[in-house]
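Counting in my numbering, the sequence shown runs from 239 upward without gaps.
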Amino acid sequence: MPIPAQPYKGTRDFYPKNSVINQDSNTNYTIYQRYIIDTWRRTMIGLGFSEYDASIIENAEIYLAKSGEELGSKQLYNFVDKGNRSIALRPEMTPTLARMITAKEQNLRYPLRWFSIPNCFRYEAPQKGRSREFWQLNVDIIGLADNAVDQEILFVANQVMQAFGGGNNYKIRVGNRQVLDKFILENNLDSKKVQIYKLLDEWKKLGTIEKQKLSASNLTLSQNDFELCKSFVDNSKLDFDFPVNIIGDNSIVRGIAYYTGMVFEAFDNDNSNSRSMFGGGRYDNLLELFGGENLPCIGFGAGDMVLMEYLIHYKLLDGHPAFETWKKANYPEVVGVMVLDPANLGLVYKEVLPGLSQRNKTWDIDYDYSRAENKRYESLKKRGCTEIIKV
239 MPIPAQPYKG
249 TRDFYPKNSV
259 INQDSNTNYT
269 IYQRYIIDTW
279 RRTMIGLGFS
289 EYDASIIENA
299 EIYLAKSGEE
309 LGSKQLYNFV
319 DKGNRSIALR
329 PEMTPTLARM
339 ITAKEQNLRY
349 PLRWFSIPNC
359 FRYEAPQKGR
369 SREFWQLNVD
379 IIGLADNAVD
389 QEILFVANQV
399 MQAFGGGNNY
409 KIRVGNRQVL
419 DKFILENNLD
429 SKKVQIYKLL
439 DEWKKLGTIE
449 KQKLSASNLT
459 LSQNDFELCK
469 SFVDNSKLDF
479 DFPVNIIGDN
489 SIVRGIAYYT
499 GMVFEAFDND
509 NSNSRSMFGG
519 GRYDNLLELF
529 GGENLPCIGF
539 GAGDMVLMEY
549 LIHYKLLDGH
559 PAFETWKKAN
569 YPEVVGVMVL
579 DPANLGLVYK
589 EVLPGLSQRN
599 KTWDIDYDYS
609 RAENKRYESL
619 KKRGCTEIIK
629 V
């Protein structure tokens with residue numbers, strides 16, 4: 239039986255774009271993936287953050303402890319190794335971050351402004367903007383409890399989107415777990431807390447009042463419960479001034495279990511894409527799981543696949559100034575070198591190629607001596623050469 243040519247379900251192959259004859263939106267190209275990761279890295283370093291990293295393999299227990307039921311059990315790629323240890327492929331980076339800080343808690347200079355761009359794995363159904371393997375920008379500030387840090391992390395999240403030329407095509411919607419819990423307590427809804435969290439978490443996706451009412455009913459919430467929730471969402475506000483991209487939204491809950499305060503999610507303004515593009519919030523208690531101090535933490539994670547869909551939808555790749563400027567700086571001009579005779583190869587390697595390197599150009603060499611020159615010329619052009627020389 240032949241080895242399958244397709245990648246494992248939910249993972250992607252990345253092809254050099256100029257090597258693909260019939261290019262289409264279903265093919266993943268290395269240049270776009272690199273653009274996303276490079277822009278993330280450049281933006282974060284420019285904002286004063288330091289990069290960290292860790293192994294893709296982790297002890298499974300760190301996810302089972304605090305990542306939430308769905309992520310910690312249903313979506314976890316976990317197995318037992320040959321030493322009978324329960325390990326997992328990381329589904330997210332925050333527990334690893336908490337473990338790393340706890341391991342060197344007394345030997346770190348606070349506050350920490352850290353970021354990472356790991357690839358992660360989750361066993362879930364692949365769909366548009368979601369896969370089993372993905373890359374994710376993780377941004378965290380550790381050791382500062384001041385409300386100003388909440389504002390800083392929102393500013394950083396907005397700057398990340400603006401780095402791609404995002405304009406005003408998205409909104410960062412801000413909620414607060416403490417405000418939500420206060421609302422639940424004041425309205426004697428504590429026994430229905432789980433149902434209310436679930437209702438609000440899908441509020442935006444549901445879209446219409448009719449669907450929201452039906453969901454509330456399915457969650458065994460009364461008409462009065464629904465009206466209280468609707469009023470809570472309708473009276474959303476932000477307590478500080480920010481660009482038009484950042485607004486208050488009390489329906490933002492975030493499902494992951496470790497959030498303790500402000501939470502936020504970014505959404506495309508185009509209603510055809512109702513999924514959150516990225517999100518985060520404050521998680522002040524996570525380090526305690528590893529025996530560490532109760533350090534204040536706040537951060538967010540942004541996945542590459544949803545961002546890619548956004549960039550394609552708003553034509554923010556080929557032809558867009560931000561992409562073309564990056565491409566020019568990172569991909570040297572390719573010169574086609576058409577060798578007319580094998581006797582000229584010495585000249586190619588001694589003079590032509592070193593000369594191109596000195597001019598910060600790269601090359602694509604055509605050795606097909608017997609082929610018609612016009613055919614060789616066309617082939618080099620299709621392979622991305624902007625200039626062709628004959629030797």
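Glycine included, C-beta positions come from ideal geometry on N, C-alpha and C.
Practice problem: Give me whichever residues DSSP pairs with G517 in a beta bridge. | Solution: E503 and G539
Exercise. Could you tell me if I259 is buried or exposed, where buried requires 16 or more neighbouring beta carbons within 10 angstroms of its beta carbon?
Key: exposed
Exercise. Find the nearest neighbour of R621 within the set W601, D606 and F561, judged by alpha-carbon distance.
Key: W601
Quiz prompt | Limits of the alpha helix (DSSP H) - the one that V471 falls within | solution = Q461 to D472
Quiz item: Is K320 helix, strand or coil by DSSP?
Solution: coil
Exercise. Count the C-beta pairs between the region 364-382 and the region 462-475 that are closer than 8 Å, then say yes if the count reaches three, no if not.
Key: no
Exercise. Check each candidate in V491, I380 and R279 and name the one with the smallest Cα separation from N414.
Key: V491
Quiz item: Can you name, in chain order, every residue of its own chain whose Cβ lies under 7 Å from the Cβ of Y497, other than the five neighbours on each side?
Solution: R415, G519, R520 and Y521
Exercise. Identify the continuous beta strand (DSSP E) that holds D211 and give its terminal residues.
Key: Not covered by the structure: residue 211. The range shown for the chain is 239 to 629.
Practice problem: For N316, I'd like the list of residues in its chain whose CB is within less than 6 Å of its CB, leaving aside the five on either flank, ordered along the chain. | Solution: A298 and A326
Quiz item: Start and end of the beta strand (DSSP E) containing N297?
Solution: I295 to N297
Exercise. Note down the Cα distance separating Q450 from G367, rounded to an integer number of angstroms.
Key: 24 Å
Practice problem: Kindly indicate which residue of G405, P254 and I379 has the alpha-carbon position closest to the one of P481. | Solution: G405
Exercise. Within the same chain, show all residues whose beta-carbon is closer than 6 Å to that of L583, passing over the 5 residues directly before and after it, in chain order.
Key: none
Quiz item: So what's K553 in DSSP terms, helix, strand or just coil?
Solution: coil
Self-check item: Beta-bridge partners of F353, as assigned by DSSP
Solution: E289 and V377
Exercise. Please look up how many angstroms separate the CB atoms of F252 and Y273, rounded, as I've assumed it's under 8 Å.
Key: 12 Å between Cβ atoms; not a contact.
Exercise. Tell me whether G273 sits in a helix, a strand or coil according to DSSP, three-state version.
Key: A quick correction: the sequence has Tyr, not Gly, at residue 273. It is helical.
Exercise. Could you tell me which residues DSSP puts in a beta bridge with A326?
Key: E296 and N316
Quiz prompt | Residue span of the alpha helix (DSSP H) that contains M399, given as start and end | solution = N385 to Q400
Quiz item: So does the region 277-285 actually touch the region 338-349, counting three or more Cβ pairs closer than 8 Å?
Solution: no
Quiz item: Across which residues does DSSP place C358 in a beta bridge pair?
Solution: F372
Quiz prompt | Three-way DSSP call (helix, strand, coil) for I603 in this model | solution = strand
Quiz prompt | alpha helix (DSSP H) runs contained entirely in the region 550-598, provided each spans 4 or more residues | solution = 559-568 and 591-596
Exercise. Would you check if the region 507-517 and the region 541-556 touch, i.e. whether three or more CB-CB distances between them fall below 8 Å?
Key: yes
Self-check item: Cβ pair K409, N509 closer than 8 Å
Solution: no
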